[in-house]
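Enquirer:
Numbering (the numbering used here), first residue to last: 5 to 289.
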């Protein structure tokens with residue numbers, strides 16, 4: 005009986021000692037490509053879609069369009085060309101949606117920081133101030149902070165809850181804010197309000213500058229889209245004629261389509277890169 009009691013006591017002491025060293029949950033290993041695709045889907049508000057399902061959908065759409073256009077135009081080469089364009093369509097849609105959503109959220113981050121400053125100055129602790137954003141923060145931002153509140157109340161681990169919040173937001177601005185909060189929580193300090201106020205000022209200055217530049221350069225991006233789409237609209241109109249299908253069914257016609265597609269893609273990417281402002285990348289993933 006004494007041996008059993010001693011064993012149970014030892015196991016209990018070991019469990020108590022082990023509880024002081026919580027292990028951070030390991031993230032599943034993923035490639036950089038999958039990580040970028042996952043971030044893009046989260047930023048577009050499609051976090052429930054997995055990268056492999058997104059790629060499978062793109063391939064399925066491309067094959068369906070290739071078969072349909074090839075049957076209507078009686079030309080497999082024309083169908084294949086439009087199938088490639090259709091396969092890139094979901095990615096272009098998600099990128100455009102993510103960019104639009106990032107721009108909307110970028111306008112809200114200064115307000116989020118101001119609410120956080122108000123909560124801290126009112127005497128709330130840092131976790132309580134973040135939880136309060138689930139109720140009084142900007143409406144589009146309340147969901148992630150509500151889930152942060154659930155994680156923190158369930159585990160009581162502030163750092164782990166911050167990691168989950170950063171993964172759900174998948175935003176460069178959120179990364180900077182969360183890392184600043186993590187550093188303050190770990191090393192302490194009394195300059196958190198000053199740091200947050202400085203970060204809010206930098207964000208507002210960046211918003212003003214970016215808004216002016218985007219207003220001036222938007223015509224370049226629109227012109228690139230029109231120039232890249234025009235030849236393929238003409239090809240779609242001409243593909244209903246039998247002589248057009250016969251011309252592109254030859255080896256020379258297939259080469260013309262391949263060279264034309266490569267030239268259109270290269271010209272579009274160059275014009276967009278020149279005219280569009282660079283986007284922030286997640287360096288604090």
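C-beta atoms are modelled at their ideal positions from N, C-alpha and C, and glycine is treated no differently.
Which ranges does the alpha helix (DSSP H) cover as unbroken runs of at least 4 residues, wholly within the region 230-258, from first to last along the chain?
Expert: Those alpha helix (DSSP H) runs which fall completely within the region 230-258 and span 4+ residues are 246-252.
Enquirer: If you draw a straight line from the C-alpha of residue 29 to the C-alpha of residue 47, how long is it?
Expert: As a position in the chain shown, residue 29 is number 25, starting the count at 1. As a position in the chain shown, residue 47 is number 43, starting the count at 1. Because the pLDDT of residue 29 is 43, which lies under 50, any placement of that residue in the model is unreliable, and the number read from its coordinates should be weighed accordingly. Taking the straight line joining both Cα atoms gives about 23 Å.
Enquirer: Could you say which of 160, 112, 165, 259 lies nearest to residue 141 if we only look at CA atoms?
Expert: To locate residue 141, count along the chain shown from 1; it is residue 137. Checked all of 160, 112, 165, 259; the closest Cα to residue 141 is 112.
Enquirer: Just to check my reading of the structure: residue 79 and residue 243 have Cβ atoms closer than 8 Å, yes? What is that Cβ distance to the nearest angstrom?
Expert: Against the chain shown, residue 79 aligns to sequence position 75. Against the chain shown, residue 243 aligns to sequence position 239. Residue 79 to residue 243, Cβ: 7 Å. Contact.
Enquirer: Of all Cβ atoms in chain D, is any one closer than 8 Å to the Cβ of residue 272?
Expert: The structure shown contains no chain D, having only a single protein chain.
Enquirer: With a floor of 4 residues, list each alpha helix (DSSP H) that falls wholly inside the region 39-109, ordered by position along the chain.
Expert: DSSP runs (the alpha helix (DSSP H)) wholly in the region 39-109: 55-77.
Enquirer: Taking C-alpha atoms, which residue in 104, 68, 75 lies nearest to residue 49?
Expert: Position 45 of the chain shown holds residue 49. Among 104, 68, 75, the Cα nearest to that of residue 49 belongs to 104.
Enquirer: According to the neighbour-count rule (16 or more other Cβ atoms, all chains shown, within 10 Å of its Cβ), is residue 318 buried or exposed?
Expert: This structure cannot speak to residue 318, because the chain is shown only from 5 to 289.
Enquirer: Using only the alpha-carbon positions, how far apart do residue 2 and residue 177 sit?
Expert: The question about residue 2 has no answer, for the chain in this structure spans 5 to 289.
Enquirer: Would you identify the three-state DSSP class for residue 169, choosing helix, strand or coil?
Expert: The residue you call residue 169 lines up with position 165 of the chain shown. Residue state, collapsed to three classes: helix.
Enquirer: Using the Cα positions of residue 268 and residue 134, report the straight-line distance between them to the nearest angstrom.
Expert: Walking along the chain shown from the start, residue 268 turns up at place 264. Walking along the chain shown from the start, residue 134 turns up at place 130. If you take the alpha carbons of residue 268 and residue 134, they lie about 47 Å apart.
Enquirer: Of all the options 187, 181, 230, which has the alpha carbon lying nearest to the alpha carbon of residue 206?
Expert: Position 202 of the chain shown, counted from the first residue, corresponds to residue 206. Checking every option, the nearest Cα to that of residue 206 belongs to 181.
Enquirer: Is residue 222 buried or exposed, if buried means 16 or more other CB atoms sit within 10 Å of its CB?
Expert: Walking along the chain shown from the start, residue 222 turns up at place 218. With fewer than 16 Cβ atoms within 10 Å of its Cβ, residue 222 is classed as exposed.
Enquirer: Spatial neighbours of residue 253 within its chain, please: C-beta separation below 7 Å, excluding the five flanking residues on both sides.
Expert: By 1-based counting over the chain shown, the position of residue 253 is 249. Taken in chain order, the residues that qualify are 79, 81.
Enquirer: Determine contact between the region 88-99 and the region 113-122, defined as no fewer than three beta-carbon pairs at a distance below 8 Å.
Expert: No, because fewer than three Cβ pairs between the region 88-99 and the region 113-122 fall closer than 8 Å, the two stretches do not touch.
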